[in-house]
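Participant:
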Amino acid sequence: MECKCMPHLAPDRNYTNFNKKSESPMHDRTMNNNNSLERNIFIILEGKMSTVAEHVPFLHLCKLCQKISDKKGKDKTKPLKEFIQYWRDFHSKLHSNNPNTTDSFFPAMRLLLPQCERQRAAYGIKEFTLAKLLIEIFCLDKKSTDALKLLNYRSPKSANAEAGDFASVAYFVLKNRSPENGSMTVYDVNHYLDNIAESHAGKNKDELKNGLLHLFRNTSALEQKWMIRMILKDMKLGICENSILNAFHIDARDLYNVTNSLEKICCSLKDPSVRMHEIEISLFSPFRPMLSEMALPNQVENLMNNRPFIIETKYDGERLQLHKDGSSYMYFSRGGFDCTNTYGSSPLQGNLTPLIHKAFKPGISKCILDGEIVIYSNKLNCIVAKGESADVQALQPDGDYAPCFCVFDVVMMNDRVLSNLPTTERTVLIRDVFTPIESKIRYTEQINATTNAQVTEELNKAIDLRLEGIIIKDPSSVYKPNLRKDSGWLKVKPEYIENLMDELDLLIIGGYYGEGRRSNVISHFLVGVASTEQIDGNPRCFFSFSKVGSGYTFKELYELSAKLTDHWKPFNPKKSPSYLIIGGGRKEQPDLWIEPSKSVIVQVKATEINLSKSFATNCTLRFPRVEKIRYDKPWHDCMNMTELEDLRNLAQGRLATKRTETVDQTEEPSPKKQRLRENIISVAPHFRPTDISDVQKVSELFKDKEICIIFSSLKKKQEIEKQIVKHGGKFVQNPGRNTYCVVCDTVTAKVKNVMRTDKYNIVKSDWIEKCVDSKKLLSWVPTDLLHTTEETREKLAENFDKFGDSYTEAVTEHSLRKIFNSICKEDWMAEEMNSVKISQIESSYFSEVSAFSLFRDCLFHFVNENGQSVFLNEMNDRSKLLYFQLKLYSANFCEEINETTTHILVLSSNFSSSQLSHLTRNGTIHLVSSSWALDCIKERKLIDERESIADQSESSEDSPALF
12 MECKCMPHLA PDRNYTNFNK KSESPMHDRT MNNNNSLERN IFIILEGKMS
62 TVAEHVPFLH LCKLCQKISD KKGKDKTKPL KEFIQYWRDF HSKLHSNNPN
112 TTDSFFPAMR LLLPQCERQR AAYGIKEFTL AKLLIEIFCL DKKSTDALKL
162 LNYRSPKSAN AEAGDFASVA YFVLKNRSPE NGSMTVYDVN HYLDNIAESH
212 AGKNKDELKN GLLHLFRNTS ALEQKWMIRM ILKDMKLGIC ENSILNAFHI
262 DARDLYNVTN SLEKICCSLK DPSVRMHEIE ISLFSPFRPM LSEMALPNQV
312 ENLMNNRPFI IETKYDGERL QLHKDGSSYM YFSRGGFDCT NTYGSSPLQG
362 NLTPLIHKAF KPGISKCILD GEIVIYSNKL NCIVAKGESA DVQALQPDGD
412 YAPCFCVFDV VMMNDRVLSN LPTTERTVLI RDVFTPIESK IRYTEQINAT
462 TNAQVTEELN KAIDLRLEGI IIKDPSSVYK PNLRKDSGWL KVKPEYIENL
512 MDELDLLIIG GYYGEGRRSN VISHFLVGVA STEQIDGNPR CFFSFSKVGS
562 GYTFKELYEL SAKLTDHWKP FNPKKSPSYL IIGGGRKEQP DLWIEPSKSV
612 IVQVKATEIN LSKSFATNCT LRFPRVEKIR YDKPWHDCMN MTELEDLRNL
662 AQGRLATKRT ETVDQTEEPS PKKQRLRENI ISVAPHFRPT DISDVQKVSE
712 LFKDKEICII FSSLKKKQEI EKQIVKHGGK FVQNPGRNTY CVVCDTVTAK
762 VKNVMRTDKY NIVKSDWIEK CVDSKKLLSW VPTDLLHTTE ETREKLAENF
812 DKFGDSYTEA VTEHSLRKIF NSICKEDWMA EEMNSVKISQ IESSYFSEVS
862 AFSLFRDCLF HFVNENGQSV FLNEMNDRSK LLYFQLKLYS ANFCEEINET
912 TTHILVLSSN FSSSQLSHLT RNGTIHLVSS SWALDCIKER KLIDERESIA
962 DQSESSEDSP ALF
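Using my numbering, count along the sequence shown one by one with no gaps and you end on 974.
1) For I691, does the count of other Cβ atoms within 10 angstroms reach 16, so buried, or fall short, so exposed?
2) Evaluate P581 with the Cβ neighbour count: other Cβ atoms within 10 Å of its Cβ, from every protein chain shown; 16 or more gives buried, anything less gives exposed.
3) Under the three-state reduction of DSSP, which class applies to M120: helix, strand or coil?
4) Which value, in whole angstroms, describes the spacing of the CA atoms of N734 and D497?
5) Quick check: what's the CA-CA separation for R240 versus N201?
6) Please state whether DSSP places H71 in a helix, a strand or coil.
7) If L870 sits next to T911, beta carbons under 8 Å apart, how far is it from one beta carbon to the other, in whole angstroms?
8) Among the residues of its own chain, which have a CB less than 6 Å from the CB of H578, if the five just before and after it don't count?
9) Should F4 go down as buried or exposed, given a rule of 16 or more other Cβ atoms within 10 Å for buried?
10) Can you check the region 790-832 for any alpha helix (DSSP H) of at least 4 residues that lies completely inside it and give the ranges in chain order?
11) For E837, collect the residues of the same chain with a Cβ closer than 7 Å to its Cβ; drop the 5 residues on either side in sequence, then sort them by chain order.
12) Please tell me whether E802 and T618 are closer than 8 Å, where the distance is taken between their beta carbons.
13) In the region 185-258, which residue ranges form an unbroken alpha helix (DSSP H) of at least 4 residues, counting only runs that do not cross its ends?
14) Should I441 and I367 be called a contact, given that it needs their Cβ atoms to be closer than 8 Å?
15) Under the three-state reduction of DSSP, which class applies to E956: helix, strand or coil?
16) At which residue ranges does the region 433-472 contain complete alpha helix (DSSP H) runs of 4 or more residues, listed in the order of the chain?
17) Please go through the region 594-673 and give each complete alpha helix (DSSP H) segment of 4 or more residues, from N-terminal end onward.
18) Following the continuous beta strand (DSSP E) through K741, name the residue where it begins and the one where it ends.
19) K220 and L151 - do their beta-carbons sit closer together than 8 Å?
20) So what's T701 in DSSP terms, helix, strand or just coil?
21) What are the boundary residues of the beta strand (DSSP E) that R165 is part of?
22) Assuming contact is defined by CB atoms lying nearer than 8 Å, are V753 and L655 in contact in what I supplied?
23) Going by C-alpha to C-alpha distance, which of P90, N431 and T62 sits closest to C1000?
24) Hey, V615 and L517 are a contact pair by Cβ (cut 8 Å); roughly how many whole angstroms apart?
25) Check the C-beta distance from L185 over to A232 and give it rounded, since I have them as a contact under 8 Å.
26) DSSP state of F882, grouped into three classes?
27) If you follow the beta strand (DSSP E) that F554 is part of, which residue opens it and which one closes it?
28) Which residues does DSSP list as the beta-bridge partners of S344?
29) Would DSSP call H738 helix, strand or coil?
30) Identify whether K683 lies in helix, strand or coil by the three-state DSSP scheme.
31) Work out the CA separation of N903 and A944 for me, nearest whole Å.
32) Assuming H937 contacts H914 under a Cβ cut-off of 8 Å, what Cβ separation, rounded to an integer in Å, is found between them?
33) Within 10 angstroms of the Cβ of V180, are there 16 or more other Cβ atoms? Answer buried if so, exposed if not.
34) So the candidates are N317, S80 and V63; which of them puts its Cα closest to the Cα of A464?
35) Starting from the C-beta of A178, find all residues in its chain whose C-beta is less than 6 Å away, skip the five residues before and the five after it, and write them out in chain order.
36) Drop a sphere of 10 angstroms on the beta-carbon of G382, count the other beta-carbons inside from all chains shown, and report buried for 16 or more, exposed for fewer.
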């Protein structure tokens, strides 16, 4: 049979995955020569073809990708295995005739797994940039339907069924504008992609554009679709990278975990029958580092089999491998990226190598160290948080901040690989490798422990110091690259434990169309915080703060979408609504926006707040996710800018502020938390506990009292903490089981979170000062407290009324002012509500109702003889006198006739009841004259209102005034 996959292969091979017709110019030549493999080899050796990749049409690889993508079920790898086998067959024949050939499956593998390719730098191209380039390359009118489809590929209205998948949208736009068959080979595409990556690295936009122009003009629409996915590094094949690696060789995945190199896999594992029983860690070859498994504090003893373990400090930075051979250095990130240009390949270059080269001890010629590269502040003489300071790979040599390498493992020393040694032995050997330099290279701090209580204690210390968590290590664990499950390393973070993280109530102000399963729906949201300025009691505007797209289920997402769908409006950056401050660049601008009053508050949890110029707040959340959709909260009751600034200042951006306790809690972290991205520990040196080494105790005023201080002013906070220690007390950063009270100066977001627990009495800061001045521990009075526990509320109720007025203590001018200030105006200012309350009190406490309550239940509206409303400022003196007479007898008034109006009083003796009957709402409102009102006052009772209408002869103008 004819070969349908690769025309250069033997005709007895049946490959049914591709079209029969070949698009390669080589096809016709090989077919005319009986499609002989030996003839193809001869052509190659003749110099007309050098590698397999130069002969395989790129279209064939794209058809393979389409086949895998369209295939359902478990057989997705079958066409891939067949393709690989044909490639191997051809290559083995080629190699047998020419042993010098070095070709492998790598050219195809790097296109199938672009996200794993480390040799090719980033392209610097995303969907919007590609859309503009395609519009220019294919000469599309920028306002045409097809151009708008490319630019608005996420919009269901523009892109229709393919919305959310830029490559598919581009395929349908370009399929009638592209050649039916492309002329590029796998080698050609790799060559041009390499040039594009180099052009981006060299910031040569013209070369980059020319490379893309050549690729798109020499490929079919199907090839363009898959090439776009390769450039975006999102293939959407429906199978993971491990499946592709396993299809190539059973040991490919293990080798990749160690080497992190697709090229090394393809070169080392050409023969699937040859197993790689030993995978070696080699110098200057990056490998995926060993990882840690998530755990709760009370699981550690069981997970460590009730044996001793190591608790380790982990700093806020980036995972880094250091490879050293004499004076040659290489650095690799966690993902295998080469960072050597930044840190230095020799003692004469880079921002780290020249500073640590002399730290290595004599006799250490080769080594591989695993650790964390962090930021060290020369000004503060300590490690600072990466998120709030700077990019560790972009530090200037003469700046305040400098890189510092914190080493926690050694994998190779001289020519000896140490990965099979236990952790305890490797930890000892680290100290034989280098002499620490505090600000340049140092050991990671470790302590030995045996109990869950010690884990909890260390985690609480980490929380107090604004760290992210701790690492637990089994002393007997060996180093296994890329292993997480059962590795012997555990990570314990406050975010794994319920109620330890501060949660933020944020308002949805924008939306983004999703991709894949979430295409055609708003899957990500732009959330904001409220302005402190108000208009009519509501925030004047909202500031963009973060983008969130995880934490909720599909059901919750569709319920939310159904609620908001009618209120979304297309976002135009040139016509942005004045009450939404979006800020930042185009990247974070939403596809749609929504009026705040139509929106919903979401409760968001994150690890910390970082600086960011992409949002109007100039900061954003790190790893945000939605914990709850707050349909119960009104749209304006979200976090405001003041609360956000308080939270940032108080905890240096860290959102883990509560302490944990040792309880019997053995459940696994929830699936939602297991999907969280791995973070790194953060250190906030500005908010370490106050130094009290020089404080002398002068009294036992606060003896046995643990007090938590929460102040927005660091200086004032430290002063109060020293006062507490000075007078025999103890202070903590976060309230715990033994905390006596919480003292604060203002109600910040953190204070609100403490209030919600209802576990602590929250006291104003001046209570501490009053205790110190009076030299005794004063009992709390209502004016001292911002929040009380239920027990304290019950005790206070025995001695104080609800306004804080003591039943036993004499009132002073100062205390009376405080009492009056604590009385809510709504309790005594609302007339209608007040009259009902007073009427109830009168009937409850007095057997006879006072005459001055005569009109208590009446609501009057004044009109003239024509039925027109008359207001107080329009009345003559006699009518005004009548108004105040009625008011004296407890009457209420309304400016408009409504359902609560009881009487319409005509300020004239000459009126026709029939002409004004339309005002009485079918007899539900009484029409009365001024004489009727005066007669009621004279008789000290309400007279039948019908008498007022019957007797029109008596003029109210002649009625004598009572005063």
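In this text, a Cβ means the ideal position worked out from N, Cα and C, and glycines have one as well.
Facilitator: Walking through what the data contain:
1) As a first step, residue 691 must be located in the sequence shown, where it is residue number 680. With a pLDDT of only 35 at I691, under 50, the local geometry of the prediction cannot be trusted, and the value read off the model is given with reservation. Buried, since its Cβ has 16 or more Cβ neighbours within 10 Å.
2) As a first step, residue 581 must be located in the sequence shown, where it is residue number 570. So P581 counts as exposed.
3) Within the sequence shown, the letter at position 109 stands for residue 120. Three-state result, M120: helix.
4) Locating residue 734 in the sequence shown gives position 723, counting from the first residue. Locating residue 497 in the sequence shown gives position 486, counting from the first residue. The residue you asked about is not Asn; residue 734 is Gln in the sequence shown. Looking at the backbone, the Cα of Q734 and that of D497 are separated by about 49 Å.
5) The sequence position of residue 240 within the sequence shown is 229, counting from 1. The sequence position of residue 201 within the sequence shown is 190, counting from 1. Cα to Cα, R240 sits roughly 14 Å from N201.
6) Residue numbering aside, residue 71 sits at position 60 when the sequence shown is read from its first letter. Helix, per DSSP.
7) Along the sequence shown, read from residue 1 onward, the residue named residue 870 stands at position 859. Along the sequence shown, read from residue 1 onward, the residue named residue 911 stands at position 900. Contact between L870 and T911 holds, with the beta-carbon distance rounding to 6 Å and staying under 8 Å.
8) Against the sequence shown, residue 578 aligns to sequence position 567. I605 and K609.
9) Only positions 12 to 974 of the chain appear in the structure, and residue 4 is not among them; the question remains open.
10) Listed in chain order, the complete alpha helix (DSSP H) runs (minimum 4 residues) inside the region 790-832 are 801-808.
11) Locating residue 837 in the sequence shown gives position 826, counting from the first residue. Interpretation of E837 is limited by its pLDDT of 43, a score under 50 that renders its predicted location unreliable; the figure taken from the coordinates is listed afterwards. Nothing listed; no residue qualifies.
12) Along the sequence shown, one-based indexing puts residue 802 at 791. Along the sequence shown, one-based indexing puts residue 618 at 607. Using a Cβ distance threshold of 8 Å, E802 and T618 do not count as a contacting pair.
13) The region 185-258 contains these whole alpha helix (DSSP H) runs: 197-212, 216-228 and 232-243.
14) By one-based count along the sequence shown, residue 441 stands at place 430. By one-based count along the sequence shown, residue 367 stands at place 356. In this structure, I367 does not lie closer than 8 Å to I441 by Cβ.
15) Counting from 1 along the sequence shown, the entry for residue 956 is found at position 945. In this structure, DSSP gives E956 a helical state, which the three-state scheme calls helix.
16) If we require 4 residues or more, the alpha helix (DSSP H) runs fully inside the region 433-472 come out as 434-441.
17) The alpha helix (DSSP H) runs lying completely inside the region 594-673 and spanning 4 residues or more are 652-662, given in chain order.
18) To locate residue 741, count along the sequence shown from 1; it is residue 730. Residues K741 to V743.
19) Here residue 151 corresponds to residue number 140 of the sequence shown, with the count starting at 1. Here residue 220 corresponds to residue number 209 of the sequence shown, with the count starting at 1. Annotated as distal: L151 and K220, with beta-carbon spacing of 8 Å or more.
20) Numbered from its first residue, the sequence shown carries residue 701 at position 690. Coil.
21) Here residue 165 refers to the residue found at position 154 of the sequence shown. First-last for R165: undefined, no H or E at that position.
22) Here residue 753 refers to the residue found at position 742 of the sequence shown. Here residue 655 refers to the residue found at position 644 of the sequence shown. Their beta carbons are not under 8 Å apart, which means V753 does not touch L655 by this criterion.
23) No answer is possible for residue 1000: it lies beyond the span of the chain, which begins at 12 and ends at 974.
24) Residue 615 sits at position 604 when you count from the first residue of the sequence shown. Residue 517 sits at position 506 when you count from the first residue of the sequence shown. About 5 Å separates the beta carbon of V615 from that of L517, a gap short enough to meet the 8 Å contact definition.
25) On the sequence shown, position 174 is the one that residue 185 refers to. On the sequence shown, position 221 is the one that residue 232 refers to. Their Cβ separation, rounded to whole angstroms, is 5 Å, which keeps L185 and A232 in contact under 8 Å.
26) As a working mapping, residue 882 is identified with position 871 in the sequence shown. In this structure, DSSP gives F882 a state outside helix and strand, which the three-state scheme calls coil.
27) Position 543 of the sequence shown, counted from the start, is the residue given in the question as residue 554. First-last of the beta strand (DSSP E) with F554: F553 to V559.
28) For the purposes of this step, residue 344 is identified with residue 333 of the sequence shown, where counting begins at 1. Per DSSP, L331.
29) What you label residue 738 is simply residue 727 of the sequence shown in a count that begins at 1. Three-state result, H738: coil.
30) By one-based count along the sequence shown, residue 683 stands at place 672. At K683, the pLDDT of 44 sits below 50, so the modelled position is not reliable and the matter cannot be decided from this model.
31) As a position in the sequence shown, residue 944 is number 933, starting the count at 1. As a position in the sequence shown, residue 903 is number 892, starting the count at 1. If you draw a straight line from the Cα of A944 to the Cα of N903, it comes to about 13 Å.
32) For the purposes of this step, residue 937 is taken as residue 926 along the sequence shown, with counting starting at 1. For the purposes of this step, residue 914 is taken as residue 903 along the sequence shown, with counting starting at 1. Approximately 5 Å separates the beta-carbon atoms of H937 and H914; this is inside 8 Å, confirming the contact.
33) Taking the sequence shown and counting its residues from 1, the one referred to as residue 180 is at position 169. Counting the other Cβ atoms within 10 Å of the Cβ of V180 gives 16 or more, which makes it buried.
34) As a position in the sequence shown, residue 464 is number 453, starting the count at 1. The shortest C-alpha separation from A464 is found at N317.
35) In the sequence shown, residue 178 corresponds to position 167, counting from 1. Once the five neighbours on either side are set aside, the close Cβ partners of A178 are K236, I239 and R240.
36) As a position in the sequence shown, residue 382 is number 371, starting the count at 1. Label assigned to G382: buried.
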